[in-house]
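Per my numbering, the very first residue in the sequence shown carries number 1; after that it's consecutive.
We put the CB at the ideal spot given by N, CA and C, even for glycine.
Predicted model, so just to flag it, every value in this text is computed and none were measured.
Please read the structure below before turning to the comments.
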Amino acid sequence: MTLTAVHPATQPATSATHATTDWQPVCPLEALEPLWAEAALVDHVQVAVVRLPSDEVVAVSHWDPYAKAHVMARGIVGSRGGRPTLTSPLHKQVYDLATGECLTDPALRLATFPVRVRDGIVAVGRHEQAA
Numbered sequence: 001m002t003l004t005a006v007h008p009a010t011q012p013a014t015s016a017t018h019a020t021t022d023w024q025p026v027c028p029l030e031a032l033e034p035l036w037a038e039a040a041l042v043d044h045v046q047v048a049v050v051r052l053p054s055d056e057v058v059a060v061s062h063w064d065p066y067a068k069a070h071v072m073a074r075g076i077v078g079s080r081g082g083r084p085t086l087t088s089p090l091h092k093q094v095y096d097l098a099t100g101e102c103l104t105d106p107a108l109r110l111a112t113f114p115v116r117v118r119d120g121i122v123a124v125g126r127h128e129q130a131a
C-alpha cells in the first residue's frame, strides 16, 4: 500500500520541538502494521513510514542512497543493540531508524522526518530533521 495524504495540514504541535513543524496527515495509525514499512508521499517527497511495536512511528527517506532507488519501504525492519533498524531490500545496508545513520557504511545516511500521532492519525513533518 502506498499512502498519500489528502487532508489539509493539522494544527501545529504544542511541544517546543515540534511547534514550527508543518504537518501532513498520512494515515490512521491502525493502517500501519507493526514492524512493517509503508511508502507515503509527503509534500512531493517519498518517505518510508514504520510503526514500531511500542506504537511509536518513525519516518525516513524512501530513497536508498546506495542502490539509488525508492525502495526503503520494502526493506526489513529489525533492531541492533536495542535500536530499531531498516535494512535495504536490495543490497542489505542497515540504517538506524532514529538517526538515519547507516550502520554498515558510515558514508551513507537516510533522511529522517518528524512524526506525530494525534487522535489516531499519523502525521509526518514536511521537512527533514536536522542531522
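CA-to-CA, the gap between Ser88 and Trp23 works out to about 27 Å. Looking at the backbone, the Cα of Asp119 and that of Arg51 are separated by about 16 Å. Arg116: member of the beta strand (DSSP E) spanning Val115 to Arg118, first to last residue. Secondary structure of Glu128 (DSSP, three-state): coil.
The Cβ-Cβ distance between Ala31 and Val47 does not fall below 8 Å. Cβ-Cβ distances below 7 Å link Pro53 to Pro34 and Leu35 in the same chain, with the five nearest sequence neighbours on each side left out; the list follows chain order.
For Leu52, the secondary structure class from DSSP, reduced to helix, strand or coil, is coil. Here Asp96 is buried: its Cβ has 16 or more other Cβ atoms, across all protein chains shown, within 10 Å. DSSP lists no bridge partner for Leu108.
Straight-line measurement puts the Cα of Ser61 at about 17 Å from the Cα of Thr21.
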